[in-house]
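Asks: Chain order of the listed sequences is A and B. Take the first sequence: its position 174, counting from 1, is numbered 179 in the numbering used here, and each next residue is one higher. Take the second sequence: its position 229, counting from 1, is numbered 293 in the numbering used here, and each next residue is one higher.
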Amino acid sequence: MKLKDGIAVVTGAGGGLGRALALDLAARGMRVAALGRSAGGVEETAAMGRAGQILPVVADVADARAVRAAFAQLAEAGPVTVLINNAAVYPRRDFLDESGESFAETVAINLGGMVNCTRAALDGMCEVGRGRIVNVSTFADIAPLPASSAYAVSKGAGRIFSRALVADLADRFPGIVISDWMPGMLATRMGVAQGLDPAQAARWGAALALWDDPALNGAVFEMDREILPPRGLKGRIKDTLLMRRRRARVIET
Amino acid sequence: MSSNIRNTLWDVIVIGAGMGGGVIGRRLAERGLKVLFVEKGPQGYRAERQGLNPEMGDPVARRLRGYWPGRVRARIDGRASEFFGPIGAGVGGSSVFYAATLERPERHDLEPVEGRPHPTGGWPVGFDSMRDWYAEAEDLLHVCGEADPLSPEPADPLAAPPPLSGVDRALMQSLRGAGLNPYRQHSAIRYLEGCEDCLGSKCPRACKMDGRSAGVEPALATGRAALLADCEVRRLCGTADHVSHIEVARGGETFELRARHFVLAGGALGSPRLLLASASEAWPEGCANASGMVGRNLMFHLNEIFALWPPRGTPQDGPGKAISLRDFYHWQGQRFGTVQAMGIAAGYGEIVHALNGMFDRSALRNLRALRHLTRLPAAVAARLLGRAQVFVGLMEDLGYSENRVTWDARAPEAIDIDYTLNPELLARRRAFRRAIKAGLRGHRAFFLTHAPELNFGHPCGTLRMGDDPATSVLDAECRAHGIGNLHVADASFMPSSMGVNPSLTIAANALRVAEGIVRRREAGE
Numbered sequence: 006m007k008l009k010d011g012i013a014v015v016t017g018a019g020g021g022l023g024r025a026l027a028l029d030l031a032a033r034g035m036r037v038a039a040l041g042r043s044a045g046g047v048e049e050t051a052a053m054g055r056a057g058q059i060l061p062v063v064a065d066v067a068d069a070r071a072v073r074a075a076f077a078q079l080a081e082a083g084p085v086t087v088l089i090n091n092a093a094v095y096p097r098r099d100f101l102d103e104s105g106e107s108f109a110e111t112v113a114i115n116l117g118g119m120v121n122c123t124r125a126a127l128d129g130m131c132e133v134g135r136g137r138i139v140n141v142s143t144f145a146d147i148a149p150l151p152a153s154s155a156y157a158v159s160k161g162a163g164r165i166f167s168r169a170l171v172a173d174l175a176d177r178f179p180g181i182v183i184s185d186w187m188p189g190m191l192a193t194r195m196g197v198a199q200g201l202d203p204a205q206a207a208r209w210g211a212a213l214a215l216w217d218d219p220a221l222n223g224a225v226f227e228m229d230r231e232i233l234p235p236r237g238l239k240g241r242i243k244d245t246l247l248m249r250r251r252r253a254r255v256i257e258t
Numbered sequence: 065m066s067s068n069i070r071n072t073l074w075d076v077i078v079i080g081a082g083m084g085g086g087v088i089g090r091r092l093a094e095r096g097l098k099v100l101f102v103e104k105g106p107q108g109y110r111a112e113r114q115g116l117n118p119e120m121g122d123p124v125a126r127r128l129r130g131y132w133p134g135r136v137r138a139r140i141d142g143r144a145s146e147f148f149g150p151i152g153a154g155v156g157g158s159s160v161f162y163a164a165t166l167e168r169p170e171r172h173d174l175e176p177v178e179g180r181p182h183p184t185g186g187w188p189v190g191f192d193s194m195r196d197w198y199a200e201a202e203d204l205l206h207v208c209g210e211a212d213p214l215s216p217e218p219a220d221p222l223a224a225p226p227p228l229s230g231v232d233r234a235l236m237q238s239l240r241g242a243g244l245n246p247y248r249q250h251s252a253i254r255y256l257e258g259c260e261d262c263l264g265s266k267c268p269r270a271c272k273m274d275g276r277s278a279g280v281e282p283a284l285a286t287g288r289a290a291l292l293a294d295c296e297v298r299r300l301c302g303t304a305d306h307v308s309h310i311e312v313a314r315g316g317e318t319f320e321l322r323a324r325h326f327v328l329a330g331g332a333l334g335s336p337r338l339l340l341a342s343a344s345e346a347w348p349e350g351c352a353n354a355s356g357m358v359g360r361n362l363m364f365h366l367n368e369i370f371a372l373w374p375p376r377g378t379p380q381d382g383p384g385k386a387i388s389l390r391d392f393y394h395w396q397g398q399r400f401g402t403v404q405a406m407g408i409a410a411g412y413g414e415i416v417h418a419l420n421g422m423f424d425r426s427a428l429r430n431l432r433a434l435r436h437l438t439r440l441p442a443a444v445a446a447r448l449l450g451r452a453q454v455f456v457g458l459m460e461d462l463g464y465s466e467n468r469v470t471w472d473a474r475a476p477e478a479i480d481i482d483y484t485l486n487p488e489l490l491a492r493r494r495a496f497r498r499a500i501k502a503g504l505r506g507h508r509a510f511f512l513t514h515a516p517e518l519n520f521g522h523p524c525g526t527l528r529m530g531d532d533p534a535t536s537v538l539d540a541e542c543r544a545h546g547i548g549n550l551h552v553a554d555a556s557f558m559p560s561s562m563g564v565n566p567s568l569t570i571a572a573n574a575l576r577v578a579e580g581i582v583r584r585r586e587a588g589e
């Protein structure tokens, strides 16, 4: 079965990058489930696509039960072959203004949402041994900015989650391929005004989500280019000698 | 479900759902018996693709993947070592990870033949009485391949193998040119559309035939069999001549399961351990161990692995696991074994690894900096010769009672073995290597193993079948001497290790043992 024959679930698809991803995938002929917290947002996204191509699904990714129910319902429409974990919030908040509860709420959406949707999607993917999961990521964990603690922690944890998934699944289900993708600074509500057009970023994201190659398992991409794991001088020399130097892969849109 | 299973008096409980257990359970269920498989490992996901991974050390992760969770604790020639063996624990057992080479043994493997005396005097079951069971097992397991041109035995028809790759065609030709007799290896792969040749890894479809796809799954499909996975058998219980029930642990609970007949199929390393663990008032030395022979006569094969380059100019269209030859099987009065392609291509990395091994045993071994220089000849070889095909010569091991599996109640997950490389074995091995080398003259070939390498994936012999209860554990029908309702259907029964892969013999014997159970049941015994 081809990835394109199934359904792609895009979370946080009521606006911004999520909407752009949903539209781009739909334009490539894929059936898309646009998942979002508010009915208004995802219905608007669905209305922007060709009739029936984008299915609006209302669910709060932080709510495990709601996510399970949403995926159970989707399974009746067809197999979920692609999942883009895009939903996230970025509250700009000094840590002194956070409470334990407010911090946990951000973690529940940014990390918990990824966990809930991935867990639900894997039911079907493990059945057939095929699937593609792209986790939208950032470098926010490497050097956290001020007033970004909950975002930096939860998105950083999301990257660890990708690696943990690979550790659990890659050898058993090489056909379920998990990658991290950093879209870059975008001109969205969550991003910056002078940032990149989300439609441009979505072209890369959608192409990456449909790039069906087991060798992409655990790979990390920034915009359209792979980021190779860091390698010291000694390691680089060794790689050259052993004729196994790696080159960064580039997403072809 | 579980309480139903617990309250049933089963016709047969099969302990261990690997090649032997799967096949016997299938046949018994097909013959109308109510069968329960009790399997230590998990059922797993059908779409799983993993191979065995000796680097994976975490017992939880190992168990999930269907690997035996604990280490093998081996004393080999008195030296202790610990490692993860190529042993499965899950539905299909080790067979889901095998390379599906199912070859029949030779007549002299089972009985004495003129000029070829048998090391045990012969199995209680002769070659001719096994033939029909082999044919039936080949049928059940969809074995494809071609007859060995050297065999004097009538050949039963096998399924047609897929076309040869260019590399294999060239090798076949050049081996014939050297006066050898290669033939298409016998393989339990159906080559369904999109087949990915799951050699050494779990097959996601019923394409590779193993204890799961040809055993447990068809058994469950009859509606008369049930499976209790993730269920550890702690001990067999009963009176001197009868097993009444087994004690099992599952999900933190301990309970008993009952049946009229019990079939032990936990593998040649697992089954004797369970019998030893079942020591009780009725069986002070362990169940079925009045002879003290339980766990003894442990045999493996010795692997002689070599790289064989196809003639220059051969297209490099990937590895094939297509060729077997028996030219060295029994040679100048010596018991050797079969030679077969492993389905691996050796490139630069494998050659570096092998050369480093040679370096580490050489006089230069303390000059570590020089070790890097092995890369140069390896790179040259890879550049000039292309990729080699890796072959293995399997050499028969003989049973010695001091080679054995033991049981340590303090470490129930560990598999303890004590094994001495007999001088006779080492001498035979040198002769086997010389024979291979001489036979392959005119070919570019290169041994990748140097020290004797035991094939821990081929254990057998630990519950020897024999007519004398003083020197064997099982009778000719693989029933425990003195315990009428305890049968064995794994590789433990083999009196000798033969010169071929054990799986087909395990399956054929399992069918034979099943028939014995059915026959006695119908006779009202």
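Using N, Cα and C, we set each Cβ at its ideal position, and we do this for glycine too. Fair warning: this is a prediction, and the values are worked out from it, not measured in the lab.
Alpha carbon to alpha carbon, what distance is there between A/Leu-127 and B/Ala-352?
Replies: Here residue 352 of chain B is taken as the residue at index 288 of the second sequence, counted from 1. Here residue 127 of chain A is taken as the residue at index 122 of the first sequence, counted from 1. If you take the alpha carbons of B/Ala-352 and A/Leu-127, they lie about 47 Å apart.
Asks: Between the alpha carbons of B/Gly-89 and B/Gly-279, how many angstroms are there, rounded?
Replies: To locate residue 89 of chain B, count along the second sequence from 1; it is residue 25. To locate residue 279 of chain B, count along the second sequence from 1; it is residue 215. Taking the straight line joining both Cα atoms gives about 7 Å.
Asks: If I follow the unbroken alpha helix (DSSP H) through A/Ala-31, where does it start and stop?
Replies: Position 26 of the first sequence holds residue 31 of chain A. First-last of the alpha helix (DSSP H) with A/Ala-31: 21–32.
Asks: Could you work out which residues of chain A lie near B/Ala-111, taking near to mean beta carbons separated by less than 7 Å?
Replies: Position 47 of the second sequence, counted from the first residue, corresponds to residue 111 of chain B. The answer, in chain order, is Cys-131, Glu-132, Val-133, Gly-134 and Phe-178.
Asks: Please specify which runs of the alpha helix (DSSP H), each continuous and at least 4 residues long, are wholly inside the stretch 216–262 of chain B, giving them in chain order.
Replies: Qualifying alpha helix (DSSP H) stretches, in chain order: 230–241.
Asks: Which residues of the stretch 143–170 of chain A have a Cβ closer than 7 Å to any Cβ of chain B? Give them in chain order.
Replies: Correct list: empty, as no residue qualifies.
Asks: Does B/Asp-381 pass the burial test, meaning 16 or more other C-beta atoms within 10 Å, or should it be called exposed?
Replies: Taking the second sequence and counting its residues from 1, one reaches residue 381 of chain B at position 317. Exposed: under 16 other Cβ atoms inside 10 Å.
Asks: Any beta carbon of chain B sitting closer than 8 Å to that of A/Leu-28?
Replies: For the purposes of this step, residue 28 of chain A is taken as residue 23 along the first sequence, with counting starting at 1. Answer no: the Cβ-Cβ gap between A/Leu-28 and chain B never drops below 8 Å.
Asks: Whose Cβ in chain A lies nearer than 8 Å to the Cβ of B/Gln-114?
Replies: Indexing the second sequence from 1 puts residue 114 of chain B at position 50. Within chain A, the residues near B/Gln-114 are Asp-176 and Arg-177.
Asks: Under 7 Å from any heavy atom of the ligand ZN, does the C-beta of B/Ala-164 make it?
Replies: The model on display carries no ligand, and the ligand ZN is accordingly not part of it.
Asks: What does DSSP give as the partner residues of B/Leu-73 in its beta bridges?
Replies: Reading the second sequence from its first residue, position 9 is the one you call residue 73 of chain B. B/Arg-322.
Asks: Determine, for B/Pro-375, whether the minimum Cβ-Cβ distance to residues of chain A falls below 8 Å.
Replies: Numbered from its first residue, the second sequence carries residue 375 of chain B at position 311. No, because no Cβ of chain A sits closer than 8 Å to the Cβ of B/Pro-375.
Asks: Within 10 Å of its beta-carbon, does A/Thr-86 have 16 or more other beta-carbons around it, so buried, or fewer, so exposed?
Replies: Indexing the first sequence from 1 puts residue 86 of chain A at position 81. With 16 or more Cβ atoms within 10 Å of its Cβ, A/Thr-86 is classed as buried.
Asks: Could you spell out the range, first to last residue, of the alpha helix (DSSP H) harbouring B/Ile-570?
Replies: For the purposes of this step, residue 570 of chain B is identified with residue 506 of the second sequence, where counting begins at 1. Where B/Ile-570 is concerned, the enclosing alpha helix (DSSP H) stretches over 567–586.
Asks: Which of the three DSSP states is assigned to A/Thr-123 in this structure?
Replies: The residue given as residue 123 of chain A occupies position 118 in the first sequence. In the structure shown, A/Thr-123 sits in a helix (DSSP, three-state: H, G or I).
Asks: May I ask you to list, following chain order, the residues of the stretch 228–252 of chain A that have a beta carbon less than 7 Å from some beta carbon of chain B?
Replies: Of all residues in the stretch 228–252 of chain A, Leu-246 and Met-248 have a Cβ within less than 7 Å of some Cβ in chain B.
Asks: For B/Ala-544, which three-state DSSP category applies?
Replies: Locating residue 544 of chain B in the second sequence gives position 480, counting from the first residue. Strand.
Asks: Is it buried or exposed for B/Pro-374, if we count other Cβ within 10 angstroms and need 16 for buried?
Replies: Within the second sequence, numbered from 1, the residue matching residue 374 of chain B stands at position 310. So B/Pro-374 counts as buried.
Asks: Starting from B/Asn-117, find everything on chain A with Cβ-Cβ shorter than 8 Å and list it in chain order.
Replies: Indexing the second sequence from 1 puts residue 117 of chain B at position 53. Per Cβ cutoff of 8 Å: Asp-176.
Asks: Assign A/Leu-101 to one of two classes, buried (16 or more other C-beta atoms within 10 Å of its C-beta) or exposed (fewer than that).
Replies: Taking the first sequence and counting its residues from 1, the one referred to as residue 101 of chain A is at position 96. Counting Cβ neighbours within 10 Å, A/Leu-101 comes out exposed, since fewer than 16 surround it.
Asks: Among B/Pro-188, B/Gly-85 and B/Lys-501, whose alpha-carbon lies nearest the alpha-carbon of B/Lys-104?
Replies: Position 40 of the second sequence holds residue 104 of chain B. Comparing Cα-Cα distances from B/Lys-104 to each of B/Pro-188, B/Gly-85 and B/Lys-501, the minimum goes to B/Gly-85.
Asks: How about B/Arg-129: is its C-beta nearer than 8 Å to some C-beta of chain A?
Replies: Mapped onto the second sequence, residue 129 of chain B falls at position 65. At least one chain A Cβ lies under 8 Å of B/Arg-129.
Asks: If we count the other Cβ atoms within 10 Å of its Cβ and call it buried at 16 or more, is B/Arg-399 buried or exposed?
Replies: Against the second sequence, residue 399 of chain B aligns to sequence position 335. Classification of B/Arg-399: buried, given that the 10 Å Cβ count is 16 or more.
Asks: Shortest alpha-carbon distance to B/Trp-187 belongs to which of B/Phe-511, B/Gly-588, B/Leu-340 and B/Asn-573?
Replies: To locate residue 187 of chain B, count along the second sequence from 1; it is residue 123. The residue with the shortest Cα to Cα distance from B/Trp-187 is B/Asn-573.
Asks: So B/His-172 is in the beta strand (DSSP E); what residue range does that whole segment cover?
Replies: Here residue 172 of chain B refers to the residue found at position 108 when the second sequence is read from its first residue. From DSSP, B/His-172 is part of no beta strand (DSSP E) but of the alpha helix (DSSP H) over 171–174.
Asks: Which residues in the same chain have their Cβ closer than 8 Å to the Cβ of B/Thr-318, if we skip the five residues on either side of it in sequence?
Replies: As a position in the second sequence, residue 318 of chain B is number 254, starting the count at 1. If we look at B/Thr-318 and ignore the five residues flanking it on each side, its Cβ neighbours are Arg-298, Glu-311 and Val-312.
Asks: Going by DSSP, what residue range makes up the alpha helix (DSSP H) through B/Ser-344?
Replies: Stepping through the second sequence from its first residue, residue 344 of chain B is reached at position 280. Premise fails: B/Ser-344 is in no alpha helix (DSSP H) and is neither H nor E.
Asks: According to DSSP, which residues form a beta bridge with B/Asp-122?
Replies: One-based indexing of the second sequence puts residue 122 of chain B at position 58. Partner(s): none; B/Asp-122 has no beta bridge.
Asks: So, B/Val-552 versus B/Leu-328, is the Cβ gap smaller than 8 Å?
Replies: Numbered from 1 along the second sequence, position 488 holds the residue referred to as residue 552 of chain B. Numbered from 1 along the second sequence, position 264 holds the residue referred to as residue 328 of chain B. A contact, by the Cβ cut-off of 8 Å.
Asks: Whole angstroms are fine: how far does the CA of A/Met-190 sit from the CA of A/Gln-199?
Replies: Mapped onto the first sequence, residue 199 of chain A falls at position 194. Mapped onto the first sequence, residue 190 of chain A falls at position 185. Taking the straight line joining both Cα atoms gives about 9 Å.
Asks: In chain order, what residues of the same chain lie with their CB nearer than 7 Å to the CB of B/Ala-499, ignoring the 5 residues before and after it?
Replies: In the second sequence, counting from the first residue as 1, residue 499 of chain B sits at position 435. The residues are Phe-392, Trp-395 and Phe-400.
Asks: Measure the CB-CB distance between B/Leu-292 and B/Val-102 and report whether it falls below 8 Å.
Replies: As a first step, residue 292 of chain B must be located in the second sequence, where it is residue number 228. As a first step, residue 102 of chain B must be located in the second sequence, where it is residue number 38. Yes, these two residues count as a Cβ contact at 8 Å.
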